[in-house]
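In this text, residue positions in the sequence shown follow our numbering: the first is 2, and each later residue adds one. The C-beta atom is built at its ideal place from N, Cα and C for all residues, glycine as well. Comments concern the structure below.
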Amino acid sequence: MSQITLTGIAKAYGTSVAIAPMDLTVADGEFLTLLGPSGCGKTTLMRMIAGITLPDQGAIRINGRDMAALPPEKRNVGLVFQSYALFPHMTVAANVGFGLKMRGIARDAAAERVRAALALVDLEPLAARYPRELSGGQQQRVALARAIVIEPDVLLLDEPLSNLDAKLREHLREDLRNLQQRLRVTAIYVTHDQAEAMALADRIIVMDKGRIVEEGAPVDLYRAPQTRFAAEFLGQTNVVAVTAAGLLPWNTGVAGPADGMVSIRPEDIAVTPALDGAGRVLSLTFLGPAVEYRIDIGGTVLRARDSGTGTAILPQGTQVDLTLRVPPHPLQGVA
Ligand SMILES: Nc1ncnc2c1ncn2[C@@H]1O[C@H](COP(=O)(O)OP(=O)(O)OP(=O)(O)O)[C@@H](O)[C@H]1O
Ligand SMILES: [Mg+2]
């Protein structure tokens, strides 16, 4: 269990800024997710916490202890990266035990800890296998066991599931969350998958171009984002300008906020067929649990998502009325 504090941490490569001066505190036992587009600095931030990359300025503290002078192996940080990077010539047990050997832990004690770590990720029976004899998901779990066996203060996970298929990702994502809660280890998890971020995190940090754009609990960030960037990055949304009179450009039955921009999630728009409806279905996509419509209403094109089971699928060209299930959400800083 550990608190992480970053104070004015910054990193540039030549003239290109990877991380602009950043302050961030991760609470003891918190599961924090870094979410942002490719190149926004997520891995750079993780590498600095791990001690693999040195910051240009600022301080990193774990449990109040300044990390500046400590090399990676002295920071007691468990790492799992996108490529599992297991040693191919070592068995599963030897891979997991490697960090303990490096730390000079006695053989018997190490063997017991390896066994316990493998049990945690459900891999005990495969201890004697080699990485090439494992599936991708099993290899990923070995990487996880290897990270937790050292009983880290902090667990850093950089897109650990991105090599896996959708079903397995979902499964491992649950395992990971359960494991983190059982161990009560402070975790930072990098992803650019918004569903993964929401499913896992206590708190999400949305990053762009080396900066924190917005942060919050998943439900708050999704339902009440402050910025257009966060609104659009966390799932799909319609960003619509409100008229000077505070109205949306069509009659919704719900009053809009004052002049500015609002975000309306596709699932918050109810679509009903109406012969004199102001909207028209431009196209539709059947997604299984929902149907997604692109609808033209007075020259504005909106995305609406209908997950009503048993409702008829409205063909292209259908005239429709649109009503909002919740008031449109005002965005800041986008006029
Ligand atoms: N060793 C390096 N030398 C030069 N530039 C680098 C180096 N490492 C990273 N960068 C640059 O720093 C920026 C941030 O990179 P980083 O790897 O942190 O992004 P990321 O958010 O992890 O992206 P992704 O989602 O693609 O993994 C990028 O513009 C990248 O090109
Ligand atoms: Mg990265």
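For the pair L184 and L173, the CB atoms are not nearer than the 8 Å cut-off.
Less than 8 Å divides the Cβ of P267 from the Cβ of R304.
Per DSSP, the continuous alpha helix (DSSP H) segment holding D176 begins and ends at 167-184. A straight-line Cα-Cα distance of about 33 Å links L169 and L7. Remark: three or more beta-carbon pairs, one from each stretch, lie closer than 8 Å, so the region 83-100 and the region 110-120 are flagged as touching. With 16 or more neighbouring CB atoms inside 10 Å of its own CB, Y294 falls in the buried class.
A residue is called buried once 16 or more other Cβ atoms fall within 10 Å of its Cβ, and V321 is buried on that count. By the C-beta criterion, the region 58-76 is judged not to be in contact with the region 122-141, since fewer than 3 inter-stretch pairs fall below 8 Å. Not one heavy atom of ligand 2 is found less than 7 Å from the C-beta of T26.
Shortest gap from the CB of K168 to any heavy atom of ligand 1: 7 Å or more.
Looking at the DSSP output, F82 sits in a beta bridge with D159.
With a cut-off of 8 Å on Cβ pairs, the region 229-239 is in contact with the region 194-209, counting three or more such pairs. With contacts defined by Cβ atoms closer than 8 Å, V93 and R130 form a contacting pair. The beta carbon of D57 sits closer than 7 Å to those of A11, K12, A13, all from its chain and outside the five residues before and after it, given in chain order.
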